[in-house]
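Novice: Mind looking over this structure? Questions follow.
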Amino acid sequence: MSEWIDPALHRDFIADQTDAIRLCTGPDGWVERFGVDVLISHKNDTALERLKTELCLWALNVDFQCRRVFARFLPRKNADRETPGLILGDEGANLQSTLLERTLRYGIDFGAGYSVGFFIDQRENRRFVRAVAPRTLLNCFAYTCSFSVAAATVGAKTVSIDLSKKSLARGRENFALNSLPTNDHRFLADDVLEVLPRLARKGEKFDVIILDPPTFSRSHRGKAFQVEHDFEKLLLAALEVAERDGKILLSTNCSSLRDRALEVMARYCLKATRRAGTFHQEPALADFPPQAGAATLWLTLR
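Structural data, given as structure tokens:
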């Protein structure tokens, strides 16, 4: 058997109005709940069959009746990623659905691509943003704007930047799902490394900045971003628009950059800009084993 979360922990999440949960993590795949649906991520067909069987047994034990089960293959190369496929449930049902995280509602789409539009492993960092209650938040590589939504619910004005207009449109939908007007929020479909200098020239400053870039991306003009080579340049640009006592989330899914590497790069950038800061991490995720999920580190400037 893979490592499935305890039924009591699952009940605690539901009681906390959270139904986006990592249910299981194994050596060759994992299982996640997104609202009433389940996604199995697997490295091979054997793992898929085993996880599907274990899911049925686990669901019986916790009295969880999922509506559909999707599966996606975990390729070695990002270029080989494919959209999840339905393996159990109603083929005619809408591929778009919603989930809850600590009372906030987010949209997901099993037909939009490799990712459904929401990253469970950023849960505690979204909670931290709400606890900080910033006046302003800059969400770089915003994707579907979950951090912006979290900040907006506590009164922040936000700027969300992403190359994809479709992702930002889904971000606007997430605002609407939570009855949040978008009057005080900007959505910029542009290259982060081009926008940051423009914001700096205008003298804009932000209380919280989210840096969670993809491992690799290419702008509409063909300019490549590779996190291992460009993260320091990204952070240097972000420091130019950070408030004096601002907070910056450093995060990456790149397997070669873990927490210690993020701190080393951040200390170099602080020294280069003659600034100082402290580091901390939010509590470990109860439904994720150690080292699973994104590497994350908060930098608080002083």
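Its first residue numbered 96, the sequence shown is counted upward by one per residue in my numbering. Every residue gets a Cβ at the ideal spot worked out from N, C-alpha and C, and that includes glycine. Predicted, not measured: the structure shown is a model, and the values here were computed from it.
Since threonine 231 and lysine 252 should fall inside the 8 angstroms C-beta cutoff, what is the C-beta to C-beta distance between them, to a whole number of angstroms?
Specialist: The sequence position of residue 231 within the sequence shown is 136, counting from 1. The sequence position of residue 252 within the sequence shown is 157, counting from 1. Yes, they are in contact, since the Cβ atoms of threonine 231 and lysine 252 sit about 5 angstroms apart, within 8 angstroms.
Novice: Can you say whether aspartate 307 is buried or exposed, counting buried as having 16 or more other CB atoms within 10 angstroms of its CB?
Specialist: Within the sequence shown, residue 307 is the residue found at index 212, counting from 1. With 16 or more other Cβ atoms within 10 Å, it is buried.
Novice: Taking 8 angstroms as the cut-off, decide whether the C-beta atoms of leucine 169 and serine 136 are in contact.
Specialist: Counting from one through the sequence shown, the residue named residue 169 turns up at place 74. Counting from one through the sequence shown, the residue named residue 136 turns up at place 41. For leucine 169 and serine 136, yes; Cβs fall inside 8 angstroms.
Novice: Enumerated in chain order, which unbroken segments of the alpha helix (DSSP H) with a length of 4 residues or greater are wholly contained in the stretch 272-317?
Specialist: 287-296
Novice: Return the bridge partner residues of tryptophan 99 from the DSSP annotation.
Specialist: Stepping through the sequence shown from its first residue, residue 99 is reached at position 4. Tryptophan 99 is bridged to Cys119.
Novice: Drop a sphere of 10 angstroms on the beta-carbon of asparagine 220, count the other beta-carbons inside from all chains shown, and report buried for 16 or more, exposed for fewer.
Specialist: As a working mapping, residue 220 is identified with position 125 in the sequence shown. Classification for asparagine 220: buried.
Novice: Which residues in the same chain as valine 336 place their Cβ atom closer than 8 angstroms to its Cβ, once the five residues preceding and following it in sequence are excluded?
Specialist: As a working mapping, residue 336 is identified with position 241 in the sequence shown. Closer than 8 angstroms at Cβ, skipping near neighbours: Leu233, Leu291, Leu294, Ala295, Glu299, Lys300, Phe301, Ile304.
Novice: Inspect the CB distances between the stretch 211-226 and the stretch 273-284 and report whether three or more fall short of 8 angstroms.
Specialist: Judged by Cβ distances under 8 angstroms, the stretch 211-226 makes no contact with the stretch 273-284, as fewer than three pairs qualify.
Novice: Please name the residue, chosen from Ser241, Gly250, Val322, Cys119, that lies closest to isoleucine 256 on a Cα-to-Cα basis.
Specialist: Here residue 256 corresponds to residue number 161 of the sequence shown, with the count starting at 1. Among Ser241, Gly250, Val322, Cys119, the Cα nearest to that of isoleucine 256 is on Ser241.
Novice: Check each candidate in Arg267, Gly124, Asn173, Asp175 and name the one with the smallest Cα separation from leucine 150.
Specialist: Here residue 150 corresponds to residue number 55 of the sequence shown, with the count starting at 1. Checked all of Arg267, Gly124, Asn173, Asp175; the closest Cα to leucine 150 is Gly124.
Novice: Between asparagine 273 and chain C, is the shortest Cβ-Cβ distance under 8 angstroms, so that the two count as touching?
Specialist: The structure shown contains no chain C; it is built from a single protein chain.
Novice: Assuming valine 244 is part of the alpha helix (DSSP H), what are its boundary residues?
Specialist: In the sequence shown, counting from the first residue as 1, residue 244 sits at position 149. Residues 241-247.
Novice: So, with DSSP's three-state summary, where would you put lysine 328?
Specialist: Reading the sequence shown from its first residue, position 233 is the one you call residue 328. Lysine 328 falls in the helix class under three-state DSSP.
Novice: Please state whether the Cβ-Cβ distance between cysteine 119 and leucine 143 is less than 8 angstroms.
Specialist: For the purposes of this step, residue 119 is taken as the residue at position 24 of the sequence shown. For the purposes of this step, residue 143 is taken as the residue at position 48 of the sequence shown. Taking 8 angstroms as the Cβ cut-off, cysteine 119 and leucine 143 do not qualify as a contacting pair.
Novice: Hey, how far is the Cα of arginine 369 from the Cα of arginine 397?
Specialist: The sequence position of residue 369 within the sequence shown is 274, counting from 1. The sequence position of residue 397 within the sequence shown is 302, counting from 1. Those two C-alpha atoms are separated by around 11 angstroms.
Novice: Between the C-alpha atoms of histidine 105 and alanine 389, what's the straight-line distance to the nearest angstrom?
Specialist: As a working mapping, residue 105 is identified with position 10 in the sequence shown. As a working mapping, residue 389 is identified with position 294 in the sequence shown. The alpha-carbon atoms of histidine 105 and alanine 389 are separated by roughly 21 angstroms.
Novice: Going by the DSSP bridge assignment, what does serine 192 pair with across the sheet?
Specialist: As a working note, residue 192 is residue 97 in the sequence shown. Note: serine 192 sits in a beta bridge opposite Ile203.
Novice: Would you give the residue range spanned by the alpha helix (DSSP H) that lysine 147 belongs to?
Specialist: If you number the sequence shown from 1, residue 147 lands on position 52. 140-157 is the extent of the alpha helix (DSSP H) around lysine 147.
Novice: Is it a yes or a no for the stretch 358-377 touching the stretch 318-327, going by three-plus beta-carbon pairs under 8 angstroms?
Specialist: Output reads yes: the stretch 318-327 touches the stretch 358-377.
Novice: Express the C-alpha separation of glutamine 217 and leucine 345 in angstroms, rounding to a whole number.
Specialist: Here residue 345 corresponds to residue number 250 of the sequence shown, with the count starting at 1. Here residue 217 corresponds to residue number 122 of the sequence shown, with the count starting at 1. Roughly 11 angstroms separates the two Cα atoms.
Novice: Less than 6 angstroms between C-beta atoms, sequence neighbours within five positions excluded: which residues of the same chain meet that for phenylalanine 223?
Specialist: Numbered from 1 along the sequence shown, position 128 holds the residue referred to as residue 223. Counting only residues of its own chain and dropping the five nearest sequence neighbours on each side, phenylalanine 223 has a CB closer than 6 angstroms to the CB of Glu377.
Novice: Only counting the same chain, and skipping five residues up and downstream in sequence, which positions put a Cβ closer than 8 angstroms to that of leucine 275?
Specialist: The count along the sequence shown starts at 1 and reaches residue 275 at position 180. Excluding residues within five positions, the ones whose Cβ falls inside 8 angstroms are Val244, Ala247, Thr248.
Novice: Roughly how many angstroms separate the alpha carbons of lysine 261 and serine 312, rounded to a whole number?
Specialist: Position 166 of the sequence shown, counted from the start, is the residue given in the question as residue 261. Position 217 of the sequence shown, counted from the start, is the residue given in the question as residue 312. Going by the C-alpha atoms only, they are around 16 angstroms apart.
Novice: Going by alpha carbons, who is nearest to cysteine 349 out of Lys318, Asp382, Pro309?
Specialist: The count along the sequence shown starts at 1 and reaches residue 349 at position 254. Of the candidates Lys318, Asp382, Pro309, the one whose C-alpha sits nearest the C-alpha of cysteine 349 is Pro309.
Novice: Taking 8 angstroms as the threshold (C-beta atoms), are arginine 265 and glycine 341 in contact?
Specialist: Indexing the sequence shown from 1 puts residue 341 at position 246. Indexing the sequence shown from 1 puts residue 265 at position 170. In this structure, arginine 265 does not lie closer than 8 angstroms to glycine 341 by Cβ.
Novice: What number of angstroms, rounded off, separates the C-alpha of arginine 167 from the C-alpha of valine 133?
Specialist: Position 72 of the sequence shown, counting from 1, holds the residue named residue 167. Position 38 of the sequence shown, counting from 1, holds the residue named residue 133. Answer to the nearest angstrom: the Cα atoms are 11 angstroms apart.
Novice: Counting only the same chain and skipping the five closest in sequence on each side, list residues whose C-beta sits under 6 angstroms from that of arginine 171.
Specialist: Indexing the sequence shown from 1 puts residue 171 at position 76. Within the same chain, no Cβ atom closer than 6 angstroms to the Cβ of arginine 171 is found once the five residues on either side in sequence are excluded.
Novice: Quick check: the Cα distance between leucine 190 and arginine 163, rounded to an integer number of angstroms?
Specialist: In the sequence shown, the residue the question calls residue 190 occupies position 95. In the sequence shown, the residue the question calls residue 163 occupies position 68. Going by the C-alpha atoms only, they are around 10 angstroms apart.
Novice: Would DSSP call glutamine 217 helix, strand or coil?
Specialist: In the sequence shown, residue 217 corresponds to position 122, counting from 1. The answer is helix: DSSP assigns glutamine 217 an H, G or I state.
Novice: Express the C-alpha separation of alanine 228 and aspartate 111 in angstroms, rounding to a whole number.
Specialist: As a position in the sequence shown, residue 111 is number 16, starting the count at 1. As a position in the sequence shown, residue 228 is number 133, starting the count at 1. So the two alpha carbons sit approximately 20 angstroms from each other.
Novice: Between Thr347, Glu186, Glu196, Gly187, which lies nearest to alanine 387 when the distance is taken from Cα to Cα?
Specialist: Counting from one through the sequence shown, the residue named residue 387 turns up at place 292. With distances taken between Cα atoms, alanine 387 lies closest to Thr347.
Novice: Please determine, among Arg200, Asp175, Asp140, Thr178, the residue with the shortest C-alpha to C-alpha distance to aspartate 114.
Specialist: On the sequence shown, residue 114 is found 19 positions in, with the first residue counted as 1. Cα-wise, what sits closest to aspartate 114 is Arg200.
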